[in-house]
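Visitor: One structure coming up, written as structure tokens, with questions to follow.
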């Protein structure tokens with residue numbers, strides 16, 4: 001008892017809390033220092049760092065054998081040479097990021113790299129206000145889709161998300177069958193301006209080639225947005241988007257028929273559970289409900305990292321840090337024209353009788369009849385979703401130009417034209433070394449029966465994109481086939497906010513001619 005009282009008084013004087021002196025210290029008993037001689041420890045460390053931690057990736061037993069031979073050569077007695085178990089334990093003491101980096105490289109060592117949440121105490125983790133930092137990333141959705149007209153399975157779509165880092169709110173989402181390209185970047189920025197009339201001040205992307213295009217960098221520079229790329233093979237820098245992809249799968253896509261969860265274990269896939277055989281959703285229908293989930297359900301659900309919903313976090317942030325009206329962008333025709341891509345040169349020469357030539361296709365406008373414009377260079381833009389139309393900047397305004405084969409090229413996407421051009425070039429390789437695809441030859445190919453085999457899949461995908469554009473403009477799918485959807489399909493219910501977001505227009509309403517009232521002539 002007197003011993004406990006003495007320990008209590010000592011701890012009271014030393015720490016200001018006597019109870020600490022009553023705690024047992026049995027775990028600290030014994031000799032905690034290394035038992036091996038310093039010479040052997042240094043020799044072991046030398047073999048581990050110089051022989052084991054190399055890109056050769058030698059086995060532990062081989063390195064241990066060389067270590068034992070070196071000990072014998074140095075005159076160390078056998079009873080002092082460490083055992084193989086001790087050598088393995090010493091290797092484990094050196095394990096971690098540095099050891100994996102030396103043996104397997106940067107990508108293998110990246111998961112073991114220390115995660116720095118903040119560079120400094122004053123550095124904000126994900127921005128200190130709304131619309132300061134935005135993340136753009138693409139993902140291929142885990143669901144198979146069908147064509148709304150033919151019923152053919154067209155495959156898995158790609159989705160592009162733009163997320164506000166401060167509030168975790170999904171600012172824009174876009175869906176297409178085409179792999180990630182500058183077209184997806186263009187559309188997600190258009191949707192963001194359409195919904196919020198502004199863009200984030202800093203946009204963070206990965207190192208995809210679509211984010212390194214001159215078009216994308218020029219568009220952001222025009223609106224004073226800073227583009228930043230995360231380091232290669234460092235997925236933590238885009239963790240906000242990567243986590244959102246998983247949330248979209250678990251909360252939305254995995255509840256739909258035709259999802260591809262089972263394909264993660266290919267051996268379990270049979271004909272009865274193959275997602276391609278169970279696919280019922282079309283691109284337009286899925287995009288409509290994905291928008292409803294992103295802009296309504298996810299937007300109003302409390303976020304674990306925030307404690308409030310993304311919508312509330314954005315609203316509170318704007319009220320606290322200001323609306324910054326000087327950053328607003330008007331969603332008009334000028335904005336849409338500025339988002340259209342241009343050629344690498346950006347300008348073309350006006351021919352007096354043939355107009356302008358963009359990517360091998362001639363375009364004409366009545367404005368080119370003016371002799372003062374002949375043989376001058378004008379800025380041009382082209383629509384990647386309509387090869388029959390282009391735009392030229394003449395006398396301070398953008399002028400719409402029509403292709404010489406407008407009836408054939410109208411509604412043809414840039415990718416379909418590219419596929420047709422590549423096919424024609426491939427057919428001509430055996431005839432001549434260099435072959436330039438002219439617009440006339442290209443138009444004839446697009447209308448031929450041979451083109452059906454090469455371009456049928458792309459044409460079906462482009463036709464489905466019209467439904468996505470209707471959802472963006474009007475909020476509904478005009479050609480939606482409700483009979484294809486099962487009655488038990490689980491989808492997110494609409495809320496008041498989502499119903500106000502998707503308002504149909506007069507152009508999208510279906511009219512039954514048999515129900516119209518007929519009046520007699522007078």
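Numbering (the UniProt record's numbering), first residue to last: 1 to 522. From the three backbone atoms N, C-alpha and C, an ideal C-beta is built for every residue, glycine too. The model shown is predicted, which means the values in this text are computed figures rather than measured ones.
#1: Counting Cβ pairs, one atom from each stretch, are 3 or more of them under 8 Å apart for the segment 180 to 199 and the segment 296 to 310?
#2: Alpha carbon to alpha carbon, what distance is there between residue 318 and residue 325?
#3: With C-beta atoms as the reference, is residue 472 less than 8 Å away from residue 281?
#4: Just the C-alpha distance for residue 376 and residue 350, rounded to the nearest angstrom, thanks.
#5: Please list, in chain order, all residues of the same chain as residue 215 whose beta carbon is under 6 Å from its beta carbon, the five residues on each side excluded.
#6: Determine whether the beta carbon atoms of residue 310 and residue 167 lie at a separation below 8 Å.
#7: What residues in its chain sit with their C-beta under 6 Å from that of residue 385, if we drop five residues either side in the sequence?
#8: In terms of alpha-carbon separation, which member of 102, 2 and 169 lies closest to residue 133?
#9: Give the DSSP-derived three-state secondary structure of residue 362 in the structure shown.
#10: So the alpha helix (DSSP H) residue 287 belongs to, where does it begin and stop?
#11: Identify whether residue 193 lies in helix, strand or coil by the three-state DSSP scheme.
#12: Does the separation of the CB atoms of residue 401 and residue 390 fall below 8 Å?
#13: With distances taken from CA atoms, which of 331, 61 and 173 is nearest residue 136?
#14: Looking at the strands, I want to know which residues DSSP matches up with residue 528.
#15: Just to check my reading of the structure: residue 130 and residue 164 have Cβ atoms closer than 8 Å, yes? What is that Cβ distance to the nearest angstrom?
#16: Report buried or exposed for residue 292, applying the criterion of at least 16 other Cβ atoms within 10 angstroms of its Cβ.
#17: Alpha carbon to alpha carbon, how far is residue 203 from residue 225?
#18: What does a CB cutoff of less than 6 Å around residue 249 pick up in its chain, not counting 5 residues either side in sequence?
#19: For the structure I just gave you, are there three or more beta carbon pairs, one from the segment 44 to 55 and one from the segment 82 to 95, closer than 8 Å?
#20: By a C-beta neighbour count over all protein chains shown, 10 Å radius and 16 as the cutoff for buried, is residue 138 buried or exposed?
#21: Starting from residue 408, trace the beta strand (DSSP E) both ways and give me its first and last residue.
#22: Applying the 10 Å Cβ sphere with the 16-neighbour rule, what's the burial state of residue 59?
#23: With C-beta atoms as the reference, is residue 348 less than 8 Å away from residue 367?
#24: Is residue 132 a contact residue of the ligand MN, with contact defined as CB to any heavy atom under 7 Å?
#25: Please report the residue range of the beta strand (DSSP E) in which residue 155 lies.
#26: Count the CB pairs spanning the segment 73 to 84 and the segment 37 to 44 that are closer than 8 Å, and state whether there are at least three.
#27: At 4 residues or longer, and completely inside the segment 292 to 343: list those alpha helix (DSSP H) runs for me, N to C.
#28: Which one or two residues does DSSP pair with residue 175 in a beta bridge?
#29: If you check the beta carbons only, do residue 98 and residue 108 fall under 8 Å apart?
#30: Leaving out the 5 sequence neighbours to the left and right, which residues in its chain are closer than 8 Å to residue 277 when beta-carbon positions are compared?
#31: Along the chain, where does the alpha helix (DSSP H) that runs through residue 218 open and close?
#32: List the whole-angstrom C-beta distance separating residue 157 from residue 175, where the pair is believed to meet the contact cut-off of C-beta under 8 Å.
#33: Considering only the alpha carbon of each residue, which of 15, 16, 24 and 14 lies closest to residue 4?
#34: Taking only three categories from DSSP, how would you classify residue 257?
#35: What is the DSSP secondary structure of residue 142, reduced to helix, strand or coil?
#36: Which same chain residues end up closer than 7 Å to residue 68 when comparing Cβ atoms and leaving out the 5 residues on each side of it in sequence?
Guide: Inspection of the coordinates gives the following:
#1: no
#2: As a working mapping, residue 325 is identified with position 325 in the chain shown. As a working mapping, residue 318 is identified with position 318 in the chain shown. Distance between the alpha carbons of residue 325 and residue 318 is about 11 Å.
#3: Counted from its first residue, the chain shown places residue 472 at position 472. Counted from its first residue, the chain shown places residue 281 at position 281. It is not a contact, given that the beta carbons lie outside the stated cut-off.
#4: Numbered from its first residue, the chain shown carries residue 376 at position 376. Numbered from its first residue, the chain shown carries residue 350 at position 350. Each residue's Cα considered, the two are about 6 Å apart.
#5: As a working note, residue 215 is residue 215 in the chain shown. If we look at residue 215 and ignore the five residues flanking it on each side, its Cβ neighbours are 182 and 341.
#6: Here residue 310 refers to the residue found at position 310 of the chain shown. Here residue 167 refers to the residue found at position 167 of the chain shown. Their beta carbons are under 8 Å apart, which means residue 310 touches residue 167 by this criterion.
#7: On the chain shown, residue 385 is found 385 positions in, with the first residue counted as 1. Excluding positions up to five away in sequence, the list reads 413.
#8: As a position in the chain shown, residue 133 is number 133, starting the count at 1. It is 169.
#9: Residue 362 sits at position 362 when you count from the first residue of the chain shown. Of the three classes helix, strand and coil, the one that applies to residue 362 here is strand, per DSSP.
#10: Translated into the one-based positions of the chain shown, residue 287 becomes position 287. First-last of the alpha helix (DSSP H) with residue 287: 283 to 292.
#11: Sequence index remark: in the chain shown, residue 193 carries index 193 (1-based). Residue 193 falls in the helix class under three-state DSSP.
#12: Counted from its first residue, the chain shown places residue 401 at position 401. Counted from its first residue, the chain shown places residue 390 at position 390. Against a cut-off of 8 Å, the Cβ pair of residue 390 and residue 401 comes out as a contact.
#13: Along the chain shown, read from residue 1 onward, the residue named residue 136 stands at position 136. Among 331, 61 and 173, the Cα nearest to that of residue 136 is on 173.
#14: This structure leaves residue 528 out entirely; the chain is present only between 1 and 522.
#15: By 1-based counting over the chain shown, the position of residue 130 is 130. By 1-based counting over the chain shown, the position of residue 164 is 164. Indeed they touch by this definition, with Cβ atoms about 6 Å apart.
#16: Position 292 of the chain shown holds residue 292. With 16 or more other Cβ atoms inside 10 Å of its own Cβ, residue 292 counts as buried.
#17: On the chain shown, residue 203 is found 203 positions in, with the first residue counted as 1. On the chain shown, residue 225 is found 225 positions in, with the first residue counted as 1. Cα atoms of residue 203 and residue 225: separation of roughly 7 Å, rounded to the nearest angstrom.
#18: Position 249 of the chain shown, counted from the first residue, corresponds to residue 249. So the qualifying residues of the chain are 142.
#19: yes
#20: Here residue 138 refers to the residue found at position 138 when the chain shown is read from its first residue. Buried, by the Cβ-count rule.
#21: Taking the chain shown and counting its residues from 1, one reaches residue 408 at position 408. It is not in any beta strand (DSSP E) - residue 408 instead sits in the alpha helix (DSSP H) that spans 406 to 409.
#22: Numbered from 1 along the chain shown, position 59 holds the residue referred to as residue 59. Exposed.
#23: Reading the chain shown from its first residue, position 348 is the one you call residue 348. Reading the chain shown from its first residue, position 367 is the one you call residue 367. No, these two residues do not count as a Cβ contact at 8 Å.
#24: Looking for the ligand MN in the displayed structure turns up nothing, as the structure carries no ligands at all.
#25: Position 155 of the chain shown, counted from the first residue, corresponds to residue 155. 153 to 155 is the span of the beta strand (DSSP E), which, as asked, contains residue 155.
#26: Yes: the two stretches touch, three or more of their Cβ pairs being nearer than 8 Å.
#27: Complete alpha helix (DSSP H) runs here, min 4: 310 to 321 and 333 to 339.
#28: In the chain shown, residue 175 corresponds to position 175, counting from 1. Bridge partners of residue 175: 159.
#29: Position 98 of the chain shown holds residue 98. Position 108 of the chain shown holds residue 108. No; because the gap between Cβ atoms is not below 8 Å, this pair is not in contact.
#30: Position 277 of the chain shown, counted from the start, is the residue given in the question as residue 277. For residue 277, where only same-chain residues beyond five positions count, the Cβ hits under 8 Å are 271.
#31: As a working mapping, residue 218 is identified with position 218 in the chain shown. Per DSSP, residue 218 belongs to the alpha helix (DSSP H) from 214 to 222.
#32: Against the chain shown, residue 157 aligns to sequence position 157. Against the chain shown, residue 175 aligns to sequence position 175. Contact flag correct, Cβ pair sits at about 5 Å.
#33: Against the chain shown, residue 4 aligns to sequence position 4. Answer by Cα proximity: 24.
#34: The residue labelled residue 257 in the question sits at position 257 within the chain shown. Coil, per DSSP.
#35: Along the chain shown, one-based indexing puts residue 142 at 142. In this structure, residue 142 counts as coil in the three-state DSSP scheme.
#36: As a first step, residue 68 is located in the chain shown; it is residue number 68 there, counting from the start. For residue 68, the CB contacts under 7 Å within the same chain, skipping 5 residues up- and downstream, are 81 in chain order.
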